[in-house]
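So the structure is just underneath, and the comments pick up after that.
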Amino acid sequence: LASGGRDDRPGLTACLKSLRDGDVLVVWKLDRLGRSLAHLVNTVKELSDRKIGLRVLTGKGAQIDTTTASGRMVFGIFATLAEFERDLIRERTMAGLASARARGRKGGRKFALTKAQVRLAQAAMAQRDTSVSDLCKELGIERVTLYRYVGPKGELRDHGKHVLGLT
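Residue numbers for the sequence shown follow the UniProt record's numbering, beginning at 1 and rising by one.
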């Protein structure tokens, strides 16, 4: 059968596609249907939009039967809690990023070249007799990294402009 923790579940996908208006999907346990509460809520919402019921036989979700009013209410509470959890995570993430910025922390990966190295690469690449391999060895980088910073004729590219503060 299908694992609740995997995205690629062809058996579940085929089952959900085969359901028609008025059908009821019966699952052994609720955790078999979704990877997370948010995924589960989305799946059940899609089923509901297609007028397909859900009945859970065992486990913590055994009281859910979306073909009944009380079952829809219980699932609605689950859905509300999932949305609340997502909002809390979003708020904590935003607060953490704001706090890091206030402390002077910038996100993202560090650049491979310094300002001086970008200027050196720019000057070297502008000369016709420059060996790209030798320049890369001198800078301790790969050819593809060099070309992210400087073009074949010494022109600055996005990474180079960024390091030099031109963007």
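Glycine is no exception: its CB is placed at the ideal position from the N, C-alpha and C atoms.
Residue i - containing beta strand (DSSP E), residue span
i, result
"Gly53", "Gly53 to Thr58"
"Leu25", "Val24 to Lys29"
Beta-carbon proximity check, residue i vs residue j, cutoff 8 Å
i, j, result
"Leu25", "Leu57", "no"
"Arg143", "Arg157", "no"
"Leu164", "Lys106", "no"
"Thr66", "Phe75", "yes"
"Lys29", "Gly59", "yes"
"Ile89", "Leu113", "no"
Limits of the unbroken alpha helix (DSSP H) element including residue i
i, result
"Leu156", "Run containing Leu156: none; DSSP gives neither H nor E here."
"Lys137", "Val132 to Leu139"
"Phe111", "Phe111 -> no alpha helix (DSSP H), and no H or E assigned at all."
"Ala95", "Ala69 to Ala102"
Pick from the options that is closest to residue i, judged by C-alpha positions
i, options, result
"Asp31", "Ile64, Arg101 and Asp23", "Ile64"
"Phe78", "Lys137, Met94 and Val44", "Val44"
"Arg86", "Arg103, His39 and Ala123", "His39"
"Lys110", "His162, Ser133, Pro152 and Gly59", "His162"
"Arg55", "Gly22, Leu166, Arg90 and Gly104", "Gly22"
"Gly71", "Gly104, Gly53 and Arg9", "Gly53"
Chain-order list of residues whose beta-carbon lies under 6 Å from that of residue i (same chain, five-residue window excluded)
i, result
"Leu37", "Ala82"
"Gln122", "Val150 and Gly154"
"residue 173", "Residue numbering for the chain in the displayed model covers 1 to 167; residue 173 lies beyond these limits and cannot be assessed."
"Leu139", "Gln117"
Near the ligand ZN: residue i beta-carbon under 7 Å from a heavy atom
i, result
"Asp129", "Annotation note on the ligand ZN: not contained in the displayed structure, which lists no ligands."
Other residues of its chain near residue i: CB distance less than 7 Å, five sequence neighbours each side excluded
i, result
"Ser133", "none"
"His159", "Phe111, Arg148 and Tyr149"
CB contact below 8 Å: residue i versus chain C
i, result
"Ala69", "This model lacks chain C altogether, as it is built from one protein chain only."
Can you find at least 3 beta carbon pairs, one from the stretch 126-138 and one from the stretch 94-114, that sit closer than 8 Å?
Here the stretch 126-138 makes no contact with the stretch 94-114; the two share fewer than three CB pairs at distances below 8 Å.
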